[in-house]
Structure formats: structure tokens, C-alpha cells
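As numbered in the working numbering, residues 255 to 715 make up the sequence shown, in order. Glycine included, C-beta positions come from ideal geometry on N, C-alpha and C. Predicted, not measured: the structure shown is a model, and the values here were computed from it. See structure below.
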Amino acid sequence: MTLRDQGMAIALPGDVSRIINTLTDAGYEAYAVGGCVRDSLLGRAPADWDITTSALPRDVKRLFRRTVDTGIQHGTVTVMFKMKGYEVTTYRIDGHYSDGRHPDSVTFAASLEEDLKRRDFTINAMAYNSAVGLVDIFGGKDDLEAGIVRAVGVAEERFNEDALRIMRAFRFAAQLGFAIDDETRKAASKLAENLQMVSAERIRIELTKLAVSPHPELIGEMYRAGITKYFLPEMDEAMECAQNNIHHCFTVGEHILEAMKSFEKPAGLTDREFEYIRLALLLHDLGKSRCKTTGDDGVDHFHGHAKISEAMSREIMKRLKFDNETIKTVSALVLYHDARPEPAPAYVRRAMNKMGTDIFRLFLCVQKADIMGQSDYKREEKLSYLEELGRVYEQVVETGDPITVAELAINGSDLMEMGVRPGPLMGEILKKLLDLVLEDPSCNTKQALKEKVRELNLTEE
Numbered sequence: 255m256t257l258r259d260q261g262m263a264i265a266l267p268g269d270v271s272r273i274i275n276t277l278t279d280a281g282y283e284a285y286a287v288g289g290c291v292r293d294s295l296l297g298r299a300p301a302d303w304d305i306t307t308s309a310l311p312r313d314v315k316r317l318f319r320r321t322v323d324t325g326i327q328h329g330t331v332t333v334m335f336k337m338k339g340y341e342v343t344t345y346r347i348d349g350h351y352s353d354g355r356h357p358d359s360v361t362f363a364a365s366l367e368e369d370l371k372r373r374d375f376t377i378n379a380m381a382y383n384s385a386v387g388l389v390d391i392f393g394g395k396d397d398l399e400a401g402i403v404r405a406v407g408v409a410e411e412r413f414n415e416d417a418l419r420i421m422r423a424f425r426f427a428a429q430l431g432f433a434i435d436d437e438t439r440k441a442a443s444k445l446a447e448n449l450q451m452v453s454a455e456r457i458r459i460e461l462t463k464l465a466v467s468p469h470p471e472l473i474g475e476m477y478r479a480g481i482t483k484y485f486l487p488e489m490d491e492a493m494e495c496a497q498n499n500i501h502h503c504f505t506v507g508e509h510i511l512e513a514m515k516s517f518e519k520p521a522g523l524t525d526r527e528f529e530y531i532r533l534a535l536l537l538h539d540l541g542k543s544r545c546k547t548t549g550d551d552g553v554d555h556f557h558g559h560a561k562i563s564e565a566m567s568r569e570i571m572k573r574l575k576f577d578n579e580t581i582k583t584v585s586a587l588v589l590y591h592d593a594r595p596e597p598a599p600a601y602v603r604r605a606m607n608k609m610g611t612d613i614f615r616l617f618l619c620v621q622k623a624d625i626m627g628q629s630d631y632k633r634e635e636k637l638s639y640l641e642e643l644g645r646v647y648e649q650v651v652e653t654g655d656p657i658t659v660a661e662l663a664i665n666g667s668d669l670m671e672m673g674v675r676p677g678p679l680m681g682e683i684l685k686k687l688l689d690l691v692l693e694d695p696s697c698n699t700k701q702a703l704k705e706k707v708r709e710l711n712l713t714e715e
């Protein structure tokens, strides 16, 4: 990987320069630090800018008009400019991590070097200001150039301080397309059991970032390092579940990773929808190991795996504290991922009604990725079918065909005028009318639907 021209200064945002200059003018040291420096060297736009300083929190609060005590017990004050906040943290040395997550104590350090020593990886342990330039004590720039994720100092010490760094090592490798240093990998494998001390919320965040990264297949490397069993043991089952079937050439787990890797974000898909799809692909076949049967001919079958996978996906996402909307959407995609509606308007309308229009749209993406993770057997036929299904879906959407009861030309008030009282019968009538309209949208007029109610003698006597 080629870094940006090292002769060029990092372009610090105006607010960041203002914070650094205010602190240095007052006699303190201050630098942009961590991920923002890493991303700047890679030519990427940093999502956040963090600042480290020799100033104590009370000094930072004195120098800036608007501050928030976001982590003052750990030396962090957020400096606010308009609606944007910048974390400013005093140089510090962390004490012992008895819970594998938080330091039992924090001691403010006298030097930038002491502060950088406590950071996780060399690529995240660089600092910069315009006056001094790049401060790179641990070889972060060289590791960026070589494409390596390496722990600062002794890897076991870093992972004992915070076990989540084990997942972060693989996540950074997946996001950046980097390799993991051998000693760092060995330490991660050795101390993986410590992940059991990490909260489900923190595990979820790292797993999601890894799932949506350019290289989600690194989950497979985590399995081989003995790490996944501590946060997603279902993946271990999948990685070890063979598929002796003409449609497959990978184990279940390998197929999952191939499917995830094959799906890149297309135009028109939001970040949230991309996340739903990658997560659905991660979970869609986990039930196969629990319903596998082998015929007399030696061929493996996985009847009912979608329903089992859907139940497992709900359990996993609840365990990892995903929000309700994600659980609802992803589990629906898992449930329907193997559906095969006929590519004809009436069948597509019925499928859209059953799944929901938004789920159907995402289901098309999931199914294509699923196909790409299978063997080459009949792949062109499968993709041709899916392409035709997509065309019919677009046609249905473009023509505005009714899909739900709410889109019927007749409603409860109309039925009440015809003598139908609110209750189960009204719901039954609306369902029958929707079935009719899903088959033939031209029937969706108030007159035609009222005639159908009378014809079927559906009103109450």
C-alpha cells in the first residue's frame, strides 16, 4: 500500500487546528492522535478527530467556552464548536485491567510517548500537529505501508488490557485489507477466551463492522484461530458442516463467507440496508448443521433450514443486543432467503404481500449473493431466473399494483355501509378482496369490489 506523500502536511480541519493551537499557545502539548492520523496517511477522510494533550481536564475546560465531561474520570473532555464535538484527552497511563475492559485506575502521564504506549495497534499509535509533524514511535507508518496490523509493544499485554482488541485486530484487517502480524495473531488466539468478559453490545459493534467490511471472510480466519466460538459458536458448527450436494462446493460456513464477500453495495442501497443484507447472509444458513440429513446416495439435504436459521438468527441477535428493527428485518430475510416465487406478476405480488415490499427488494440481493456462494452448477440458470424475477418486481412497483389491504379501493367504512359490522367477518372479507386484487389488479375499483362482496354473499344476514 502506498501512503500519501510524507512530505505533505496532514490537512487538519479548522476546529482541530484551533484546539491544538489554543492548547499549545497556553504552554501545553497537543496532537491529533489515533485513527484520524492513520486515515489521513491513507488518504481517507477521518470520521472523527481525537486530540491528546499534556493539559489536565480542568485546564482544557478553562481554555474552551463549551465543553462536556464525557469521560472526565479517564481524562477526556469533549470540546464543542457549534454542533460538533472533539474529544480531548490528557496523556495517560492505564492501570491494571481486572475486567478485561476498563482500567482500574488512570494516571496522567508526563509525555506523549507514555500515552502512545497504551494504544492498541501501531497504526493507531501515531500523533500529529503542524509544528512537530508526525510522531511515530512504534513504526505505525511502516506497518501501514506494509499492510500489517501489529499490536503496540507486547501483544498479550494489549489484549489482556482489553479483550475486545482481539476482534478489533481482525476488524481493522478486514476494513483495510491488511494482514495480521504473527505475534499479534498468536496472542489473539491464546487469549480469545477473555472475550467472554466483554459486553454483548461491544461484541455486536465489532462484528457488524467486520460484516460490512470489504473482507468479511476474515471471520473465517477468526474461526481458524479459535476465536469465533466465544461470541458466535454457531459459526463454528457451520464451518465444520460439509455439504455433499451438487449445488455446493464449500462447507456451510465457507459458503456463508463466500456469499458475504460476493455482495458489494450497489447504487441505490442505503448503508443500513447494506448492513441488513450482510448480516442476513452471515446468519442465513446457520440452521443447516441442525437439520442435515444424508440420503442413501450419500447426498446431503437440509430440509427446513430456513425456518431453523430464522429462529437461530433471532436468538443470536437478541443475545448480541441488536435493535428490534434489525432483528425484525434480518430475521425476515433469513426466513425467506430460499423462496422461489414464479417470475410472473401475480406470484410476485403475493410474495411481496407475504414478505413486505421492502423485504422483497432486499431478498433479491440476498438471493443473488447466496447463488454466488454456491457451486457453478446451474448458476447461469439461477441468475437468469433471479434477473427475470427482478424485472417483474420492478414492473409491479412501476405500475403501482396494490399489495396490501390498505391499498384496496374499498375499506371498512364502505363495508359498514353495506351492512358489515366491524369484527372478524370484516377482516375476512378484506382478505378475500385482497386475494382477488393480487391476482388481478384491474379489479381494484370500489364498484367491482362491492359487486364481488354481494356476489360471494359475504355480508352479514
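Three-way DSSP call (helix, strand, coil) for Y345 in this model: coil
Start and end residues, beta strand (DSSP E) containing V331: 330 to 335
CA nearest to the CA of V270, picked from H509, Y639, M334, S543: M334
How about V584 and D539: do their beta carbons lie closer than 8 Å? no
Do you know offhand how far C619's Cα is from E596's? 17 Å
Please state whether DSSP places G644 in a helix, a strand or coil. helix
Please report how far the alpha carbon of L366 lies from the alpha carbon of Q429, in whole angstroms. 27 Å
Looking only at its chain, what residues have a beta carbon closer than 7 Å to the beta carbon of F576, apart from the 5 residues adjacent to it on each side? R458
Mapping DSSP to helix, strand and coil, what is Y631? coil
Taking its Cβ as the centre, do 16 or more other Cβ atoms sit within 10 Å of M337, making it buried, or is it exposed? exposed
C-alpha gap between C759 and H557, whole angstroms: Since the first residue of the chain shown is 255 and the last is 715, residue 759 is not available in this structure.
Which residue wins for smallest C-alpha separation from E693, given the options N711, L637, P599? P599
Grouping DSSP H, G and I as helix and E and B as strand, with all else coil, what is A405? strand
On a Cα-Cα basis, can you pick out the residue from M421, M672, A385 that is closest to R456? M421
Just to confirm before moving on: does the CB-CB distance between L317 and A280 stay below 8 Å? yes
DSSP bridge partner residues for G325 (one or two, in chain order): T330
Boundaries of the beta strand (DSSP E) in which L388 is found, first to last residue: 387 to 389
Quick check on the burial criterion: 16 or more other C-beta atoms within 10 angstroms. Buried or exposed for D435? buried
In whole angstroms, what separates the C-alpha of D353 from that of P300? With a pLDDT of 48 at D353, under the threshold of 50, the modelled position of this residue cannot be trusted, and the question is left open.
Given E488, which residues of its chain have a CB within under 7 Å of its CB, disregarding the five upstream and five downstream residues? L540, M566, I570
Within 10 Å of its beta-carbon, does E715 have 16 or more other beta-carbons around it, so buried, or fewer, so exposed? Below a pLDDT of 50, predicted positions are generally treated as unreliable, and E715, at 48, falls in that range; the measurement from the model is reported next regardless. Flag for E715 reads exposed.
Examine chain C for any beta-carbon lying closer than 8 Å to the beta-carbon of K561, and answer yes or no. Looking at the structure shown, chain C is missing, and only one protein chain is on hand.
Evaluate the contact criterion for the region 282 to 302 versus the region 365 to 380: three or more CB pairs, one atom per stretch, below 8 Å. yes
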